[in-house]
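Step one of this worksheet: look at the structure below.
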Amino acid sequence: MSKVTTKITVSRRQLLAGAAAAGSFLAAPAIVRAQGGPLKIGVILPLSGVQAGIGQSCKRGVDIAPALLKQLGYTQPIELTTVDFETNPDVARARAEKLIADGVHMLAGPFDSGAAAAIAQVAEQKGVPFMINIAAAPQITEQGYKFTFRNFQTAPQIISRGLALFPQVFAATGKTPKSAVLMHINDTFGQANKRAIDAIFPKANMPFKILDSIAYDPAAKDLSVEVAKAKATGADLLMTVTRLNDAILLVREMVKQRWEPMGIMSPGAPGLYEQQFLDTMGKYGDEIITTIPWANPKADMTKMVEAEFKKVYPKDKLPGHIFNIGFTFEALLVCADAHKRAGSTNGQALADAMRKTKIEKRVMVGGPIEFDEKGQCNTIASVVLQNKKGVPTVVLPKEASAGNVVFPMPGWGKRG
Amino acid sequence: MPPIDLILNVAVGGILTGLVYGLMALGLSVIFGVIRVVNFAHGEMMTVAMFLAFSAFTAFGIDPLLSLIPIAALLFAFGYAMQAGLINDFVNKPEHTQFILLVAVAIILVNVLLMIFGPDARGVQTDYSFDSFEVGKLIIDATKAYAALAAVLVAVVLFAFFRFTLIGQAIRACADNYTGALVVGLDVKRLYALTFGIGAACVGAAGAVLVLITDVTPALGPSYTLQAFIIVIIGGLGSMPGALLGGVLIGLTEALAGLFFTPSAKSMFAVAALVLVLLLRPQGIMGKRQR
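Just so you know, the sequences run in chain order S and W.
Here the working numbering is used: the first residue of the first sequence is 5, the next is one more, and so on.
Here the working numbering is used: the first residue of the second sequence is 3, the next is one more, and so on.
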């Protein structure tokens with residue numbers, strides 16, 4: 005019996021091919037895990053800290069999303085995990101890393117430009133798509149990121165589209181202020197808006213001039229000095245870039261200091277239309293104007309949101325939440341839509357699908373949800389919103405209005 | 003140069019807020035002046051008082067100006083128990099062990115508050131939250147005026163206690179001459195506990211009043227501790243009138259710095275005032291020079 009021996013020779017090319025095959029085999033479980041099972045979305049929001057009120061408002065959008073998505077035909081299994089970043093961008097970064105380590109396929113949130121910038125870096129490093137619900141700092145989508153998408157206006161868009169509506173308010177009421185003072189929060193969002201105002205205002209051909217701009221600390225406990233300074237300018241109009249808590253402090257201080265300008269107008273900042281602001285300020289919150297992207301009251305999807313919100317939060321009032329809920333829900337809608345088209349939970353496949361998004365029917369006023377090559381949606385329009393008896397109401401443009409614009413606003417002592 | 007009425011309005015607001023700061027720092031100064039222990043849990047004790055005032059307001063509708071008395075009493079009991087049960091054993095130990103002990107107390111307090119109330123800001127909105135008084139060209143914030151008045155009343159009661167009561171005089175004797183107090187038979191440990199209780203009661207009163215002016219979160223404690231230190235160092239460590247004066251100076255400095263420079267950098271000027279005092283008069287404006 006002869007012994008047969010076979011000499012095995014392996015060429016360099018074969019060795020490389022074998023190594024690649026072995027690598028693929030070893031990596032396979034991860035890929036299989038990434039492509040099968042439900043779509044897991046980690047939603048990062050400021051549920052505590054300075055922006056807690058707004059974060060809780062956004063979370064309502066997350067809470068109503070599963071039922072709404074099913075009604076819209078997105079029946080694939082989706083798991084939503086909401087985490088709190090405590091209004092701290094460093095915590096946001098850590099939460100994003102933890103969520104990805106725990107196996108989420110997409111990230112959404114966070115209603116904060118500083119946090120969005122931090123999360124975007126993590127998303128890019130890990131190749132996980134990040135869908136921004138609300139955050140305006142333009143640089144977030146100017147970094148060449150491939151996995152970051154924003155369905156919200158950038159600060160220059162907010163300012164330019166918001167300021168463009170100011171003359172319509174003056175034309176509708178026949179009253180035009182000659183001067184304004186700008187008060188803005190001194191954080192990433194506030195500074196981005198201030199820069200945008202500085203760049204856009206001189207070219208906007210506005211009928212008033214800005215006498216002064218006053219920055220204040222995001223964690224300010226008292227705005228008495230800032231308001232006193234603004235009052236002393238003698239400006240006809242107060243322009244604001246606020247968050248929520250500071251908006252309350254600011255208007256409360258105006259009432260105390262009996263400062264009654266022709267109006268308080270915010271070109272696109274949050275705070276002045278939030279439910280917590282309206283509840284806290286009562287009659288003093290009325291007739292304040294914000295020019296902002298808003299829900300289209302006539303859209304079918306807005307009506308679906310209203311119905312679901314009423315079911316889940318029967319005691320809450322939707323108007324003070326609709327901005328946060330609308331954008332947060334739309335962010336999750338984009339994720340679900342991309343997943344449905346991609347047929348995969350692979351990060352690259354999801355990002356490719358998101359880039360081809362075209363959702364015609366939406367909650368917010370504007371054209372279809374679609375992204376440019378930078379991941380930015382440019383189709384979102386602004387409206388003039390005025391608080392009326394505790395309800396933020398669209399007053400311009402006329403075709404979407406649900407009330408008449410009032411300007412100048414009545415004095416603090418003439419509000420019943 | 004801003005108009006004079008604007009400067010006056012801002013200055014009055016700063017003085018009123020400063021009086022409340024002064025009351026807060028008074029407690030720290032009393033404790034250090036007698037026991038020679040620096041209370042590093044001072045700001046945290048004040049946030050406890052602020053949360054107590056917030057809870058009394060939201061649960062029972064009690065105005066913080068009224069809940070001030072029971073809250074001061076509660077903090078007195080807490081301070082007394084803490085000194086009698088914990089700190090008395092550390093009075094003659096090295097300062098770093100006192101420091102570690104009180105920092106530990108501070109961390110415990112912050113975490114207990116976080117567990118009970120969570121990290122969110124809480125505020126009190128009373129019927130007079132939007133009110134102000136017009137005196138000529140001055141517009142005075144009603145909330146700040148009431149808070150400052152309450153702070154002054156508490157300070158007057160405290161000064162009277164130390165000046166006119168036997169216990170107050172005994173506590174001052176302990177502060178002046180520890181050995182002498184022991185020789186004449188004073189129960190120094192009990193007097194120390196009383197002193198810490200009184201200091202804590204001051205903080206309790208200040209917290210109840212301060213919640214009218216600003217929202218409270220558990221994380222506020224360290225910043226108030228730091229602020230109280232700045233105030234007592236400027237006023238003079240151990241000097242009660244110095245603490246009030248330091249509070250007013252800090253309130254005024256912050257307000258005027260916000261007016262003349264940028265408002266978002268106003269706390270920087272308070273620290274600059276501290277550096278100036280340390281350079282020119284290290285014992286503080288009303289402090290006694292150490293020999």
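Idealized CB from N, CA, C, for every residue including glycine.
Note that this is a predicted model, so its numbers are computed, not measured.
Item	Value
S/A34: buried (16+ other C-beta within 10 angstroms of its C-beta) or exposed?	Residue confidence is low: S/A34 scores 42 on pLDDT, short of 50, so the model does not pin down where it sits. Its coordinate-derived value is still stated next. S/A34 comes out exposed.
Go ahead and label W/M48 buried or exposed: buried means 16 or more other beta carbons lie within 10 angstroms of its beta carbon, across all protein chains shown.	buried
So does the region 220 to 236 of chain W actually touch the region 110 to 125 of chain W, counting three or more Cβ pairs closer than 8 angstroms?	yes
To the nearest whole angstrom, what separates the beta carbons of S/P301 and S/A404, a pair I think is in contact under 8 angstroms?	7 angstroms
For S/A141, name the three-state secondary structure that DSSP assigns.	coil
Using a beta-carbon distance below 7 angstroms, is S/A232 in contact with chain W?	yes
Run through DSSP, which three-state label would W/A43 get?	coil
For a contact meaning CB atoms closer than 7 angstroms, what does W/N11 contact in chain S?	A232
What separation, rounded to the nearest whole angstrom, lies between the Cα atoms of S/P401 and S/A124?	35 angstroms
Can you check the region 95 to 143 of chain W for any beta strand (DSSP E) of at least 3 residues that lies completely inside it and give the ranges in chain order?	134 to 137 and 140 to 143
Taking contact to mean 3 or more Cβ pairs, one atom from each stretch, closer than 8 angstroms, check whether the region 327 to 339 of chain S and the region 85 to 94 of chain S are in contact.	no
Out of W/L184, W/D143, W/C204 and W/K146, which has the shortest C-alpha to C-alpha gap to W/F161?	W/C204
So if I threshold CB-CB distances at 9 angstroms, which residues from the region 120 to 140 of chain S count as touching chain W?	none
Assuming W/G20 and W/L258 make a contact with CB atoms under 8 angstroms, what is their CB distance in whole Å?	Contact doesn't hold; Cβ gap of about 11 angstroms is too wide.
To the nearest angstrom, report how far apart S/I68 and S/L76 are at their CA atoms.	13 angstroms
What residues from the region 310 to 343 of chain S come within 9 angstroms of chain W, judged by C-beta to C-beta, listed N to C?	none
For W/T227, count neighbouring Cβ atoms within 10 angstroms of its own Cβ and tell me buried if that reaches 16, exposed if not.	buried
Name, please, each residue of chain W whose Cβ falls closer than 7 angstroms to the Cβ of S/Y149.	Simply none; closest approach about 30 angstroms.
First and last residue of the beta strand (DSSP E) that includes S/T86?	I82 to D88
Establish whether the CB of W/G260 and some CB of chain S are separated by less than 7 angstroms.	yes
With a CB to CB cut of under 6 angstroms and the five nearest residues on each side skipped, what residues in its chain are close to S/I326?	A299
So what does S/G394 bridge to, in DSSP terms?	In DSSP, S/G394 forms no bridge with anything.
Could you list which residues in chain S have their beta carbon closer than 7 angstroms to that of W/M266, in chain order?	Note on residue identity: the sequence assigns Ser, not Met, to residue 266 of chain W. Those within 7 angstroms of W/S266 in chain S are N190, A219, Y220 and D221.
Just the chain S side, please: which residues come within less than 8 angstroms of W/D217 by C-beta, in chain order?	K225 and N249
Quick test of the definition: if touching needs 3 or more C-beta pairs under 8 angstroms, does the region 182 to 190 of chain S touch the region 231 to 245 of chain S?	yes
Hey, how far is the Cα of S/I292 from the Cα of S/Q390?	6 angstroms
So within the region 44 to 96 of chain W, which uninterrupted beta strand (DSSP E) runs reach at least 3 residues, ignoring any that extend past its ends?	none
Among the residues of its own chain, which have a CB less than 7 angstroms from the CB of W/G289, if the five just before and after it don't count?	G238, L239, G240, S241 and G244
Using only the alpha-carbon positions, how far apart do W/T60 and W/L115 sit?	16 angstroms
Is it right to say W/E136 is buried, meaning 16 or more other beta carbons lie within 10 angstroms of its own, or is it exposed?	exposed
For the structure I just gave you, are there three or more beta carbon pairs, one from the region 55 to 68 of chain S and one from the region 94 to 105 of chain S, closer than 8 angstroms?	no
Please determine, among S/L111, S/F156 and S/N209, the residue with the shortest C-alpha to C-alpha distance to S/S386.	S/F156
Against chain S, which members of the region 54 to 83 of chain W pass a CB distance test of less than 7 angstroms?	none
What three-state label does DSSP hand S/H343 in the structure shown?	helix
So which of S/Q352, S/P222 and S/R247 has the shortest CA-CA distance to S/H109?	S/Q352
Output, in sequence order along the chain, the residues in the region 95 to 119 of chain S whose CB is closer than 8 angstroms to any CB in chain W.	none
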